[in-house]
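Chemist: I have a structure here, written as structure tokens, and I will follow up with some questions on it.
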Amino acid sequence: MPKQEKGKGGFPLALNGGSLKTYLTIKELSVYLKISIPTIYKWLARKEIPHYRIKNLVRFDIEKIDAYMGRHEVIGGSNDYFKTTG
Numbered sequence: 338m339p340k341q342e343k344g345k346g347g348f349p350l351a352l353n354g355g356s357l358k359t360y361l362t363i364k365e366l367s368v369y370l371k372i373s374i375p376t377i378y379k380w381l382a383r384k385e386i387p388h389y390r391i392k393n394l395v396r397f398d399i400e401k402i403d404a405y406m407g408r409h410e411v412i413g414g415s416n417d418y419f420k421t422t423g
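Be aware that the sequence shown starts at 338, since it is given in this note's numbering, and climbs by one per residue.
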């Protein structure tokens, strides 16, 4: 059996409309972004992160995830989100 080609982040590629795309599972996204699986589930529940749902399966297009993260980049500004109350 031929070795499957790897895409961005070393994840397997999927054929989609004549081009190869990389789709991640929740666990793979957790590794890729270095965040916890419960955080990803929170983002999904709030519909904060782009994803595909096929019945009970959830998949993430790595290119859309990278674009999403780029839109949430913080450059300069204040550190208000590190302040505690009280």
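Glycine included, each C-beta is placed from N, C-alpha and C at the ideal position.
Per DSSP, what kind of secondary structure is M338 in: helix, strand or coil?
Modeler: Residue placement at M338 is flagged as unreliable, the pLDDT there being 46, under the threshold of 50; a coordinate-derived value is accordingly withheld.
Chemist: Going by Cα to Cα distance, which pick from R383, M406, V411 is closest to Y369?
Modeler: For Y369, the nearest C-alpha among the options comes from M406.
Chemist: Cβ of L357 within 8 angstroms of Cβ of I399?
Modeler: No, the Cβ-Cβ distance between L357 and I399 is not below 8 angstroms.
Chemist: Provide the residue(s) that pair with D403 in DSSP beta bridges, ordered along the chain.
Modeler: BP columns for D403 are empty, so no partner.
Chemist: If I'm right that I424 touches I363 with Cβ under 8 angstroms, what's the distance once you round it to whole angstroms?
Modeler: The chain is shown from 338 up to 423; residue 424 falls before or after that span and cannot be answered.
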